[in-house]
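Q: The structure is given below, and queries will be raised subsequently.
Numbering (full-length UniProt numbering), first residue to last: 1 to 66.
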């Protein structure tokens with residue numbers, strides 16, 4: 001658990017807040033990223049070539065920062 005401004009946050013919520021604050025993604029896209037991560041953590045389905053390119057583009061964008 002993480003504490004921010006006196007409030008304990010679960011890991012999912014803190015990751016969601018970090019996505020919004022550090023990458024500038026909208027709330028809806030942030031939720032989609034979290035859902036994508038949860039699906040791949042649980043089932044780990046194989047990635048298609050298009051999905052690999054999308055992930056690589058998202059990583060490159062995240063590395064650039066705000």
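In this text, a Cβ means the ideal position worked out from N, Cα and C, and glycines have one as well.
CB residue 33 to CB residue 56, shorter than 9 Å?
A: Not a contact, by the Cβ cut-off of 9 Å.
Q: Start and end of the alpha helix (DSSP H) containing residue 60?
A: 49-64 is the extent of the alpha helix (DSSP H) around residue 60.
Q: So, are the CB atoms of residue 22 and residue 60 less than 9 Å apart?
A: Their beta carbons are not under 9 Å apart, which means residue 22 does not touch residue 60 by this criterion.
Q: Where do the N-terminal and C-terminal ends of the alpha helix (DSSP H) with residue 11 fall, by residue?
A: Start and end: 11-23.
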